[in-house]
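The block underneath contains the structure these notes are about, expressed in structure tokens.
Residue numbers (the numbering used here): 58 to 494.
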């Protein structure tokens, strides 16, 4: 039986293309923050990715049929059924040899025309077709003609579109009523078989339609989840880039400002040291420009390699840079160094850099100590200062301490900051897990 509008299963695949944050379009940096398939939905993705396939010409016909208005399809179906029931008239006589009269035309129309409304009122259409057929079979001295085509289509529609209780009621009424009216005969048996077949085809169509709708709903749900995951990945990437830029600029600018403010005094008291201070300002500016240039290069379109990030191995160099800016920094290591995960190695450097930057900007300290302790499958980093200076504090955006905690938490560690308990000054403590621990 023709049926319009068999829904197709949607396809949905988790996009893992290379997106970027940059040029004001919120793109993801290459290789970072790629959306992943939502956990626990592997079977869903396999189901959505494997919809039923049909030959090309069948698929094209189904698409064209689905695009037509349902009323047009039902009208065409009604015309076909009416033509089939009027066929004896077109061939001249009925199956009994009696001539046609007005009763035959009325029966053909009454059993066929209601099919136009079969989608809106399937049970009413079926009842009408059955009543017309029953009256026709009970009538005497009329030309016999096939009038059950319409009832068969209506029965299929009830099976495909009506609630379960209506389907079962109409199935029982139709089969029992048909046997009582027609009687026990080979013709009645054929009619029962036809109706049962129509019911089975209708249920198969309904099951297929429900399966296709479930696939489409699942595909839409997974697509929504993929979009949410992509947005979260983009947000995480934006936060990471913001932290990196904050660390680079805040550290370099703080050193430059401190050296520049001390410059007039040092020039008068110690010209040789003043020259070193100016060299430190220039070096800090060049280093910041180099790191920013590399980062912006990655944000642009293209296949630029990942920017090399400083790690825990670069902490001695960081201590030397800050010492050149006028703060006496010591660096020490206890225990046997072990490999860190890449994100933990970068976090160790950035957190230490931010702690020293805060010391230069706000603490007015003269001395800072960096102590690394490798023990119990973790790396402990302690950054302390004496906080005895009285330098003027620089403005703060308030993101430094938050950024340190976020960096540590992102790689499974923890960072704390606060006044020292053993004397004046400030202390930042970080615990990071060692790779494989």
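Yeah, the Cβ is synthetic: ideal placement off N, Cα and C, and Gly gets one too.
Over what stretch of residues does the alpha helix (DSSP H) that includes residue 472 continue unbroken? For the purposes of this step, residue 472 is identified with residue 415 of the chain shown, where counting begins at 1. That residue, residue 472, is in no alpha helix (DSSP H); its beta strand (DSSP E) goes 471 to 476.
Residues near residue 484 by beta carbon distance below 6 Å, same chain, minus five either side: Looking up residue 484 in the chain shown gives position 427. Excluding sequence neighbours, residue 484 sits near 441, 477.
Cβ shell of residue 305 (< 7 Å), same chain only, five flanking positions each side left out: In the chain shown, counting from the first residue as 1, residue 305 sits at position 248. These residues qualify, in order along the chain: 345, 348, 349.
Just the Cα atoms here: how many angstroms apart are residue 138 and residue 263? Within the chain shown, the letter at position 81 stands for residue 138. Within the chain shown, the letter at position 206 stands for residue 263. When rounded, the distance between both Cα atoms is 22 Å.
Can you check DSSP and say which residues form a bridge with residue 213? Residue numbering aside, residue 213 sits at position 156 when the chain shown is read from its first letter. Looking at the DSSP assignment, residue 213 forms no beta bridge with any residue, so it has no partner.
Alpha-carbon spacing of residue 408 relative to residue 464, whole angstroms: Translated into the one-based positions of the chain shown, residue 408 becomes position 351. Translated into the one-based positions of the chain shown, residue 464 becomes position 407. Whole-angstrom Cα-Cα distance: 8 Å.
Roughly how many angstroms lie between the CA atoms of residue 267 and residue 249, to the nearest whole one? Within the chain shown, the letter at position 210 stands for residue 267. Within the chain shown, the letter at position 192 stands for residue 249. In a straight line, the C-alpha of residue 267 is about 27 Å away from that of residue 249.
What whole-angstrom Cβ distance do residue 187 and residue 215 have, given they're in contact under 8 Å? Your numbering for residue 187 matches position 130 in the chain shown. Your numbering for residue 215 matches position 158 in the chain shown. Their Cβ separation, rounded to whole angstroms, is 11 Å, which puts residue 187 and residue 215 out of contact at 8 Å.
Measure from the alpha carbon of residue 247 to the alpha carbon of each residue in 124, 472, 209, 173, then state which is nearest. For the purposes of this step, residue 247 is identified with residue 190 of the chain shown, where counting begins at 1. Ranking the options by Cα distance to residue 247, first place goes to 209.
Residue 485 - partner residues in DSSP beta bridges: As a first step, residue 485 must be located in the chain shown, where it is residue number 428. Beta-bridge pairing links residue 485 to 440, 474.
Coarse secondary structure for residue 396, derived from DSSP in three states: Along the chain shown, read from residue 1 onward, the residue named residue 396 stands at position 339. If DSSP states are grouped into helix, strand and coil, residue 396 belongs with coil.
Under 8 Å, with one C-beta from each stretch per pair, do the segment 396 to 408 and the segment 366 to 380 reach the 3-pair mark? yes
Excluding the 5 residues preceding and the 5 following residue 391 in the sequence, name in chain order all residues of the same chain whose CB lies nearer than 6 Å to its CB. Reading the chain shown from its first residue, position 334 is the one you call residue 391. For residue 391, where only same-chain residues beyond five positions count, the Cβ hits under 6 Å are 430.
Can you round the beta-carbon distance between residue 413 and residue 425 to whole angstroms, since I take them to be within the 8 Å contact cut? Numbered from 1 along the chain shown, position 356 holds the residue referred to as residue 413. Numbered from 1 along the chain shown, position 368 holds the residue referred to as residue 425. Right, the Cβ-Cβ distance comes to about 6 Å (below 8 Å), so this counts as a contact.
Classify residue 274 as buried or exposed, calling it buried when 16 or more other Cβ atoms lie within 10 Å of its own Cβ. For this step, residue 274 is matched to residue 217 along the chain shown. That one is exposed.
Buried or exposed by the 16-neighbour rule on C-beta atoms within 10 Å, applied to residue 281: Translated into positions along the chain shown, residue 281 becomes position 224. The residue is exposed, with fewer than 16 neighbouring Cβ atoms inside 10 Å.
Nearest-angstrom Cα separation, counted from residue 272 out to residue 141: In the chain shown, counting from the first residue as 1, residue 141 sits at position 84. In the chain shown, counting from the first residue as 1, residue 272 sits at position 215. Computed Cα separation, rounded: 38 Å.
Identify whether residue 426 lies in helix, strand or coil by the three-state DSSP scheme. If you number the chain shown from 1, residue 426 lands on position 369. Strand, per DSSP.
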